[in-house]
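Here is the structure we will look at, set down as structure tokens.
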Amino acid sequence: MKKTLFTLLALVTVIVCQAQDVITKRNGDELKARVLEINPSDIKYKRFDNLEGPTISILKSEVFMIVFENGTKEVLNTQNAQTPSPLPAYHEPQQLKLSGPRLGFTIISQRLIDNLKEEHQETISPFITQFGWQFETRIFTLENGTSGLFEFVPLVGGLEQGKFLPSLSALVGIRGAKGFEFGFGPNLSVGGAGLVLAAGTNFQSQGINFPVNVAFAPSKDGSRVSLLFGFNSRRY
92 MKKTLFTLLA
102 LVTVIVCQAQ
112 DVITKRNGDE
122 LKARVLEINP
132 SDIKYKRFDN
142 LEGPTISILK
152 SEVFMIVFEN
162 GTKEVLNTQN
172 AQTPSPLPAY
182 HEPQQLKLSG
192 PRLGFTIISQ
202 RLIDNLKEEH
212 QETISPFITQ
222 FGWQFETRIF
232 TLENGTSGLF
242 EFVPLVGGLE
252 QGKFLPSLSA
262 LVGIRGAKGF
272 EFGFGPNLSV
282 GGAGLVLAAG
292 TNFQSQGINF
302 PVNVAFAPSK
312 DGSRVSLLFG
322 FNSRRY
């Protein structure tokens, strides 16, 4: 009897979870909803967790795709919203720029500290702060929300120790629809040239993105691990 009740409960849970529409916005946010109307300029819906609540409107230009409860998809083409068109293989061919300030800290290996002291007469602590800017361009966005990225990140570290330790990184990466991202590319710093590997995620609030990234930069002269925070808003 318990197995039967458990099975029925599981089936009901699956049915309830599936009986919803999902609105995917162009910035990657997903809204669980019950879509009521799709108009030329906006979409009206109710939140799925509050179906008795107020009707909410969202601009059609902010919506990338709607997945209805029956599994069908509608990818919105804002350039010609009133004219049906075949589903594109990818979306947003125009470049979307998501640049903004970055700050955080870096932990330097003892080997790199020793090399800097020997070659540049620089004596530094293994913990340094970082300040800079991340120039990011979204190259494309696929139907499933995955995006291709190019990032250029100049940073200055060690200012709290009276040092000027610049670094430059250029990364090619991928960001998923949920905000998780990873990338890799060349890195130049006072410690020499090497490769940088980075991963992170993105939090969003009121149209502002708050990225958090971890980077690892190995080289023959030593390695560095960095944690960076920032914010940006999208622009074309």
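When you read off a place in the sequence shown, starting at 1, and then add 91, the result is the number in the working numbering.
Built from N, CA and C at the ideal position, the CB exists for glycine as well.
Would you identify the three-state DSSP class for Leu167, choosing helix, strand or coil?
As a first step, residue 167 is located in the sequence shown; it is residue number 76 there, counting from the start. Residue state, collapsed to three classes: coil.
Does DSSP put Ile215 in a helix, in a strand, or in coil?
On the sequence shown, position 124 is the one that residue 215 refers to. DSSP places Ile215 in the coil class of the three-state scheme, outside both helix and strand.
What are the uninterrupted segments assigned as beta strand (DSSP E) that are 3 or more residues long and contained completely in the region 296 to 325, given in chain order?
The qualifying runs are 299 to 310 and 313 to 321.
Is the CB-CB distance between Pro245 and Ser280 below 8 Å?
Locating residue 245 in the sequence shown gives position 154, where the first residue counts as 1. Locating residue 280 in the sequence shown gives position 189, where the first residue counts as 1. No, Cβ-Cβ distance for Pro245 and Ser280 is not below 8 Å.
Does Asp344 come out as helix, strand or coil in the three-state DSSP assignment?
Only positions 92 to 327 of the chain appear in the structure, and residue 344 is not among them; the question remains open.
Cross-strand partners of Asp112 (DSSP beta bridge):
As a first step, residue 112 is located in the sequence shown; it is residue number 21 there, counting from the start. Answer is Ala124, bridged to Asp112.
Should the region 299 to 315 be regarded as contacting the region 148 to 155, the criterion being three or more beta carbon pairs within less than 8 Å?
The region 299 to 315 is not in contact with the region 148 to 155.
Exposure of Gly313, with buried meaning 16 or more beta-carbon neighbours within 10 Å
To locate residue 313, count along the sequence shown from 1; it is residue 222. Label assigned to Gly313: buried.
Taking only runs of the beta strand (DSSP E) that begin and end inside the region 223 to 266, which ones reach a length of at least 3 residues, in chain order?
The region 223 to 266 is shown to contain whole beta strand (DSSP E) runs of 3 or more residues at 238 to 248 and 256 to 266, in chain order.
Using 10 angstroms around the beta-carbon of Gln173, count the other beta-carbons present and answer buried if the total reaches 16, otherwise exposed.
Stepping through the sequence shown from its first residue, residue 173 is reached at position 82. Confidence at Gln173 is low in this model, with a pLDDT of 44, below 50, so its placement is unreliable and the value that follows should be read with caution. In summary, Gln173 is exposed, with fewer than 16 beta-carbon neighbours lying within 10 Å of its beta-carbon over all protein chains present.
Ala289 and Gly267 closer than 8 Å at C-beta
Numbered from 1 along the sequence shown, position 198 holds the residue referred to as residue 289. Numbered from 1 along the sequence shown, position 176 holds the residue referred to as residue 267. Cβ atoms of Ala289 and Gly267: not closer than 8 Å.
Assuming contact is defined by CB atoms lying nearer than 8 Å, are Ser310 and Ala284 in contact in what I supplied?
On the sequence shown, position 219 is the one that residue 310 refers to. On the sequence shown, position 193 is the one that residue 284 refers to. For Ser310 and Ala284, yes; Cβs fall inside 8 Å.
To which residues of the same chain is Leu240 closer than 8 Å at the C-beta, ignoring the five residues directly before and after it?
As a first step, residue 240 is located in the sequence shown; it is residue number 149 there, counting from the start. Same-chain partners within the cutoff: Glu227, Thr228, Arg229, Ile230, Leu262, Val263, Gly264, Ile265, Arg266, Glu272 and Gly274.
Among Lys116, Arg117, Asp140 and Asn118, which one has its Cα closest to the Cα of Arg125?
Start at 1 with the first residue of the sequence shown, and residue 125 comes out as number 34. Checked all of Lys116, Arg117, Asp140 and Asn118; the closest Cα to Arg125 is Asp140.
Name the DSSP beta bridge partners of Arg277, please?
Here residue 277 is taken as the residue at index 186 of the sequence shown, counted from 1. In the sequence on display, residue 277 carries Pro and not Arg. The partner list for Pro277 (beta bridge, DSSP) reads Leu286.
Counting C-beta neighbours from all protein chains within 10 Å, is the total for Leu122 16 or more, i.e. buried, or is it exposed?
Here residue 122 refers to the residue found at position 31 when the sequence shown is read from its first residue. With 16 or more other CB atoms across the displayed protein chains lying within 10 angstroms of its CB, Leu122 is buried.
For Leu207, three-class secondary structure by DSSP
The residue given as residue 207 occupies position 116 in the sequence shown. In the displayed model, Leu207 falls within a helix according to three-state DSSP.
Reducing DSSP to helix, strand and coil, say where Arg138 ends up.
Here residue 138 corresponds to residue number 47 of the sequence shown, with the count starting at 1. In the three-state reduction of the DSSP assignment, Arg138 falls in the strand class, which pools E and B.
Ser152 by DSSP, collapsed to three states: which one?
In the sequence shown, residue 152 corresponds to position 61, counting from 1. The answer is helix: DSSP assigns Ser152 an H, G or I state.
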